[in-house]
Amino acid sequence: MTGDPSPAQRAAALITGSRFLVLATADAAGPWAATVNHVAGQTGSLLFCSSPRSRHSQHIASRPMIAATAYMVGPGQNPLDGVQLCGRCTPASEDELTRLHREFFVRAYPDTAARDQTHIALRDFGPAAAYQLYTIEITQCWVRDLQARQRERAERRLPVPVPDLVAALRAHSAATEGSKADEQ
Numbered sequence: 106m107t108g109d110p111s112p113a114q115r116a117a118a119l120i121t122g123s124r125f126l127v128l129a130t131a132d133a134a135g136p137w138a139a140t141v142n143h144v145a146g147q148t149g150s151l152l153f154c155s156s157p158r159s160r161h162s163q164h165i166a167s168r169p170m171i172a173a174t175a176y177m178v179g180p181g182q183n184p185l186d187g188v189q190l191c192g193r194c195t196p197a198s199e200d201e202l203t204r205l206h207r208e209f210f211v212r213a214y215p216d217t218a219a220r221d222q223t224h225i226a227l228r229d230f231g232p233a234a235a236y237q238l239y240t241i242e243i244t245q246c247w248v249r250d251l252q253a254r255q256r257e258r259a260e261r262r263l264p265v266p267v268p269d270l271v272a273a274l275r276a277h278s279a280a281t282e283g284s285k286a287d288e289q
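Using my numbering, the first residue of the sequence shown is number 106, and each one after it goes up by one.
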């Protein structure tokens, strides 16, 4: 159907439109799921912060491969739509921490008053600190095949080409930066 968004456009809209990811990690004892507040970064990677002592952070330290899902609920949203992804999750490097810290908080809390209430100082981030900033480089992604669901009542997933998804996330990031510049 002409005019329908591509799987990459749908995945990017779901990722950027949802505030939370359900992050799945595992260690030798088994799996774990945690809900994390995330944003799409300028490079097309995903960013979130958490305590380095949390269970999922401990899992990431030993097994950086993760899975995650995002979906949107509310008026005008398709409750059946969602995105599933796999990726490599790593702590932000010291070289990138200052930039990514600012990027995370500006994107996660675009309202200055809300940001001031939730902001965590840069000095509180790092491996030995109270918080760690993480990046997720997406390696695989899928969206629900809504047409198969509607047509055949079948549960299928459509693969999303990761380069197309990264390009869509970068385009969203650039558009968001442009609109913020217009507001200032």
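Using N, Cα and C, we set each Cβ at its ideal position, and we do this for glycine too.
Judged by DSSP secondary structure, residue 199 falls outside any beta strand (DSSP E) and instead within the alpha helix (DSSP H) spanning 199-213. Annotated three-state conformation of residue 193 is strand, per DSSP. Around the beta carbon of residue 198, fewer than 16 other beta carbons sit within 10 angstroms, so the residue counts as exposed.
In the DSSP assignment, residue 225 falls outside any alpha helix (DSSP H) and carries neither an H nor an E. Under the 10 Å beta carbon count, residue 238 is surrounded by 16 or more other beta carbons and is classified as buried. Under the three-state reduction of DSSP output, residue 148 falls in the coil class, being neither helix nor strand. Every alpha helix (DSSP H) stretch that sits fully inside the stretch 236-287 and reaches 4 residues is listed by chain position as 251-257.
Check the Cα spacing between residue 185 and each of 265, 269, 264 and 260: the tightest is with 260. In the DSSP secondary-structure assignment, residue 185 is not bridged to any residue.
In this structure, the CA atom of residue 168 is about 11 Å from the CA atom of residue 136. Residue 147 and residue 215 have their alpha carbons spaced roughly 15 Å apart.
When Cβ pairs closer than 8 Å are counted between the two stretches, the stretch 174-189 is seen to touch the stretch 238-251, the count reaching three or more.
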